[in-house]
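Going down the list, the sequences are from chains A and X.
Per this note's numbering, the very first residue in the first sequence carries number 50; after that it's consecutive.
Per this note's numbering, the very first residue in the second sequence carries number 4; after that it's consecutive.
See below for the structure under consideration.
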Amino acid sequence: MTDAAVPLSRLDRGRVLAWLQDYGVYAAIAALVLVNVAITPHFLTLENLRTQLVQVAPIVIVSLGMALVIGTEGVDLSVGSVMALATALLPLYLGYGVVPAIVVALLGGVAVGLVNGSLVAFVGVQPIVATLALFVGGRGLALVVAGGQLKDIHNPDLLNLGSSSMAGIPLPVVVAIVLTVAVTAVVRRTTFGRRLVAIGGNRTASELSGLPVKRILLLVYVASGLLAAAAGILATARLQASDPSSLGLLMELSAITAVVVGGTPLTGGRVRVLGTVAGALLIQLVRATLIKHNLSDSLAQMVQAVIILAAVYAARGQDGR
Amino acid sequence: MTDDGPLLEVSGIVKRFTGVLALDRVSVRLAPGEVHALVGENGAGKSTLIKVITGVHRPDEGEVRLAGLRAEFASPLEAQRAGIQAVHQEIGLVPSMSVGRNLLLGREPRRRFGLIDVRRMEREAARTLESYGIGVDVRRPLRSLGVGAQQMIALARAVSVDARVVVMDEPTSSLESREVETLFKVIGRLRAQGISVIYVSHRLDELYRICDGVTVLRDGRVVHQGPLAELDRLRLVSLMLGRPVSDVRAQGVTKFSGAHDTADEAPVVEASGLTRRHMLDDVSVAIRPGEVVGLGGLLGAGRTETAKAIAGALPLDGGRVTVAGVPLRRGSAAAIKAGVALLPEDRKAEGIIPTLSVRENIALAALPRLSRGGVVSDARIDRIVETFMKRLRIKASGPHQRVAELSGGNQQKVLIARWLATEPRILLLDEPTRGIDVGAKAEVQALIDELAEAGLGVLLISSDLEELVEGSDRVVVLKDGAVVGELTGSELTEEGVMTTIASHSRAEDDGG
Numbered sequence: 050m051t052d053a054a055v056p057l058s059r060l061d062r063g064r065v066l067a068w069l070q071d072y073g074v075y076a077a078i079a080a081l082v083l084v085n086v087a088i089t090p091h092f093l094t095l096e097n098l099r100t101q102l103v104q105v106a107p108i109v110i111v112s113l114g115m116a117l118v119i120g121t122e123g124v125d126l127s128v129g130s131v132m133a134l135a136t137a138l139l140p141l142y143l144g145y146g147v148v149p150a151i152v153v154a155l156l157g158g159v160a161v162g163l164v165n166g167s168l169v170a171f172v173g174v175q176p177i178v179a180t181l182a183l184f185v186g187g188r189g190l191a192l193v194v195a196g197g198q199l200k201d202i203h204n205p206d207l208l209n210l211g212s213s214s215m216a217g218i219p220l221p222v223v224v225a226i227v228l229t230v231a232v233t234a235v236v237r238r239t240t241f242g243r244r245l246v247a248i249g250g251n252r253t254a255s256e257l258s259g260l261p262v263k264r265i266l267l268l269v270y271v272a273s274g275l276l277a278a279a280a281g282i283l284a285t286a287r288l289q290a291s292d293p294s295s296l297g298l299l300m301e302l303s304a305i306t307a308v309v310v311g312g313t314p315l316t317g318g319r320v321r322v323l324g325t326v327a328g329a330l331l332i333q334l335v336r337a338t339l340i341k342h343n344l345s346d347s348l349a350q351m352v353q354a355v356i357i358l359a360a361v362y363a364a365r366g367q368d369g370r
Numbered sequence: 004m005t006d007d008g009p010l011l012e013v014s015g016i017v018k019r020f021t022g023v024l025a026l027d028r029v030s031v032r033l034a035p036g037e038v039h040a041l042v043g044e045n046g047a048g049k050s051t052l053i054k055v056i057t058g059v060h061r062p063d064e065g066e067v068r069l070a071g072l073r074a075e076f077a078s079p080l081e082a083q084r085a086g087i088q089a090v091h092q093e094i095g096l097v098p099s100m101s102v103g104r105n106l107l108l109g110r111e112p113r114r115r116f117g118l119i120d121v122r123r124m125e126r127e128a129a130r131t132l133e134s135y136g137i138g139v140d141v142r143r144p145l146r147s148l149g150v151g152a153q154q155m156i157a158l159a160r161a162v163s164v165d166a167r168v169v170v171m172d173e174p175t176s177s178l179e180s181r182e183v184e185t186l187f188k189v190i191g192r193l194r195a196q197g198i199s200v201i202y203v204s205h206r207l208d209e210l211y212r213i214c215d216g217v218t219v220l221r222d223g224r225v226v227h228q229g230p231l232a233e234l235d236r237l238r239l240v241s242l243m244l245g246r247p248v249s250d251v252r253a254q255g256v257t258k259f260s261g262a263h264d265t266a267d268e269a270p271v272v273e274a275s276g277l278t279r280r281h282m283l284d285d286v287s288v289a290i291r292p293g294e295v296v297g298l299g300g301l302l303g304a305g306r307t308e309t310a311k312a313i314a315g316a317l318p319l320d321g322g323r324v325t326v327a328g329v330p331l332r333r334g335s336a337a338a339i340k341a342g343v344a345l346l347p348e349d350r351k352a353e354g355i356i357p358t359l360s361v362r363e364n365i366a367l368a369a370l371p372r373l374s375r376g377g378v379v380s381d382a383r384i385d386r387i388v389e390t391f392m393k394r395l396r397i398k399a400s401g402p403h404q405r406v407a408e409l410s411g412g413n414q415q416k417v418l419i420a421r422w423l424a425t426e427p428r429i430l431l432l433d434e435p436t437r438g439i440d441v442g443a444k445a446e447v448q449a450l451i452d453e454l455a456e457a458g459l460g461v462l463l464i465s466s467d468l469e470e471l472v473e474g475s476d477r478v479v480v481l482k483d484g485a486v487v488g489e490l491t492g493s494e495l496t497e498e499g500v501m502t503t504i505a506s507h508s509r510a511e512d513d514g515g
């Protein structure tokens, strides 16, 4: 991001890295937007912006939950599978109307969150292992529920969710914005938010300070499952089909990337909500840029890898005292 | 075994860790068959010395000689091959394998094609165990045995591998008294075979029972060395704690004022019969409002455990805690709600949340009272944070500075503020002035006084005898997890505390 033109050795290196961890993602977005304005035709059109934002909305929503989990020094690998489970559950109850169907799909996410959270909080399984079980099993369950089939969605109310707008803003984007505001408020203003960050910073100290550590961990994974299910519903509405075999594939990696790039350290103790949203935007922007220029998706993944490394390096430089 | 020369001779060992001198010209000699006690408080350098002897660390200066030959161990394995075996508190065996297999791990008797000769292995294992008086079925999986028995197997394994020197680090900390007897028998046998033992323990009774010589370490230096029988208990304790027996000082070095007048008020906290296996044995302490009760004792005597038990942070096998007459439910949250606050011993691991600001750290434990319906009140937090930062003179660039950037003394003050913000009735302070600079130390001491004056009950744990004696109105002395004495008034002197620690414990004759 910043090049060798700056004599880093003469600056306070730790401070530069801290700045990069906190704000590097915004700088990168700005740079990428400028590049695209210069070289990509039709980049600054309203239509393109809308497309990009609609595409990124599910990633943002999943990343919000992931940010909370990572804030507690955990990780949730099952988010992609939760999206698949949500999309598999949706068509089953559409006959009763769109609201019951959505509620059932969300409950699927809550159920997965309860399992993850119980394993982590009460059984004491490491988060990466606990959520790995449903990373594998959740999609399997989704395929069983769906009978292994892709189903087209025809319910107009549900399709509306993916295609209509509110004050000119696509509905999925509105949902993402609302959830971002809500999660920001939770982290900044509620005891739950303060405590989850404290647990990630020092679990023993939190326990000795009387925090209900187990209950909070459980709730954090439930929140992540709920948000992933919501993302799955929106993605289903936009694709106009329920495809549990491919929806949400590799979503966990995108979400973790967004969180880390946004300045939340994997070691927990901190949650940066806006940074996370920016991280998701950056990933989307990189992909879109490369695709617009007919470069392959695999190249996009490699660029993503470089961004992750840069983010982790910045985090390490700051915390490794 | 050999002639009269020492079996193990460690001379002039110097070891530094990033500039800190951990061992300063330490020398120890062990005769064949000698059981040598190695004692000292936290940070005295015991573990570093053991690590040098067992090949974990290489000394910066000095040398280790084994049977007269210079020994330079590049790894623990090399030290083991030369005959130096260590038995640690953690057992380095394979729980799922049989006792016999564990005993002969890595040197199992083989048949053709490299297959293990199970029957011969079991025979050999059984013979080995029998010779040490350990009666265990060698076919049982190791994990089916109790911790103590497992440790005996680890010991048997260590000494059956042609050991010449055996290092035992707190070997009895998880043993029942019956098992301790077996251990002592094994040690007796080792001694008869000319094997030397380095015995690390804080249990004075044990030391005086089985050790021949003693080395007392303090701050990385040898402060005493010689036959243990010639050293009386009081002197040993005073050497370990670094307080001369005869040195009755005039008061005034610490920042404490005189005694607090607590009259005959009812205790605010009463802990009775606190018991937990291997940690606490029927400990009872009562603290009245406005009173500072000290907890004295050596490392591992159960002071920290007592404080944690009162604060609901240590599961108990027995006993109960009442606050103002009301029995306390389990768990830290219940204790805090009832007005019990614990300042933990390990500031870094158990106290501060390093990623958060001074403000968030102070507000942490009091969040329930600083919020309504789960939503925190920033105004109330700001008020409380400002109050305590001023009152405790916390030096930070502002409430939003990360707590990890503060000095140790200021971090400690932040933690005290965290607890005061919960408006406690009793404050349990575990080593409140350890590792903080002199100025902050005086401030914390003055604060303890001030809080007691304001009616708080205080439990003070300190390894600094002077602080303990001058800061407390009454000192309860613990030893091996049990209360062995209580000192008040004119008995409450540094010497009094040391004498009580050094006295024979009543549990001594229970064994067998």
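Each residue gets a CB set at the ideal place from its N, CA and C atoms; glycine is no exception.
Since this is a predicted model, take the numbers as computed values, not measurements.
For M171 of chain X, the beta-bridge partners assigned by DSSP are X:V90, X:Y202. By the neighbour-count criterion, in which 16 or more other beta carbons inside 10 Å mark a residue as buried, M243 of chain X falls on the buried side. Residues of the stretch 161-172 of chain A with a Cβ closer than 9 angstroms to any Cβ of chain X: none. Contact annotation: V343 of chain X and A274 of chain X have beta-carbon atoms that are not nearer than 8 angstroms.
Beta-bridge annotation (DSSP): K18 of chain X is paired with X:L26. Nearest C-alpha to V296 of chain X among X:N45, X:P79, X:L481: X:L481. With 16 or more other Cβ atoms from the protein chains shown falling within 10 Å of its own Cβ, V478 of chain X counts as buried. Counting other Cβ atoms within 10 Å of its Cβ, L471 of chain X reaches 16 or more and is therefore classed as buried. Less than 8 angstroms separates the beta-carbon of G411 of chain X from that of G438 of chain X. V326 of chain A is a Cβ neighbour of V109 of chain A, given a cutoff of 8 angstroms. Against chain X, the CB of V246 of chain A has a partner CB under 8 angstroms away; the residue lies at that interface. For S213 of chain A, no alpha helix (DSSP H) segment is defined, and its DSSP state is neither H nor E. For A327 of chain X, not one C-beta of chain A is nearer than 8 angstroms to its own C-beta. If you compare the alpha carbons of X:N45, X:G43, X:D63 with that of V17 of chain X, the shortest gap goes to X:D63. Cβ neighbours of I202 of chain A within its own chain (closer than 7 angstroms, five residues either side excluded): P140, L208, T285, Q289, A290, S291. Setting aside the 5 residues that flank it on each side, P402 of chain X is surrounded in the same chain by S360, V361, R362, V388, M392, each with a C-beta closer than 7 angstroms to its C-beta; the list follows chain order. Around the CB of N413 of chain X, 16 or more other CB atoms lie within 10 Å, so the residue is classed as buried.
Boundaries of the beta strand (DSSP E) around D284 of chain X: 283-290. L490 of chain X and P270 of chain X have their alpha carbons spaced roughly 17 angstroms apart. Listed in chain order, the positions of the stretch 328-362 of chain X with a beta carbon within less than 9 angstroms of a beta carbon of chain A are G334, S335, A336, A337, A338, I339, K340, L345, P347, D349, K351, A352, E353, G354, I355, I356, P357, T358, L359. In its chain, beyond the 5 residues on either side, H60 have a beta carbon closer than 7 angstroms to the beta carbon of K54 of chain X. The Cβ atoms of T175 of chain X and R206 of chain X sit closer than 8 angstroms to each other.
Taking a contact as a CB-CB distance under 8 angstroms, the pair I384 of chain X and L373 of chain X counts as one, their CB atoms being some 5 angstroms apart. The Cβ atoms of G189 of chain A and G274 of chain A lie no closer than 8 angstroms to each other.
At a cut-off of 8 angstroms between beta-carbon atoms, R279 of chain X makes no contact with chain A. Straight through space, the alpha carbons of I419 of chain X and A316 of chain X are spaced by roughly 18 angstroms.
T180 of chain A is not a Cβ neighbour of L228 of chain A, given a cutoff of 8 angstroms.
By the CB criterion at 8 angstroms, A128 of chain X and V102 of chain X fall inside the cutoff.
A straight line joining the alpha-carbon of V147 of chain A with that of L95 of chain A spans about 30 angstroms. For I451 of chain X, the three-state secondary structure derived from DSSP is helix. Look at the beta carbons and you see the stretch 276-284 of chain A not touching the stretch 330-344 of chain X: under three pairs across the two are nearer than 8 angstroms. Within chain X, the residues placing a beta-carbon under 8 angstroms from that of S258 of chain A are S335, I339, L367, A368, R421, ordered along the chain. Chain order gives the chain X residues near A254 of chain A as E353, G354, I355, I356, where near means a beta carbon separation below 7 angstroms. Within the stretch 80-167 of chain X, the complete alpha helix (DSSP H) segments of 4 residues or longer fall at 102-106, 121-134, 150-163, listed in chain order. Short of 6 angstroms from the beta carbon of P292 of chain X, and not among the five residues preceding or following it, lie these beta carbons of its own chain, in chain order: E268, V271, G458, G460. With a 10 Å radius around the Cβ and a threshold of 16 neighbouring Cβ atoms, Y270 of chain A comes out buried.
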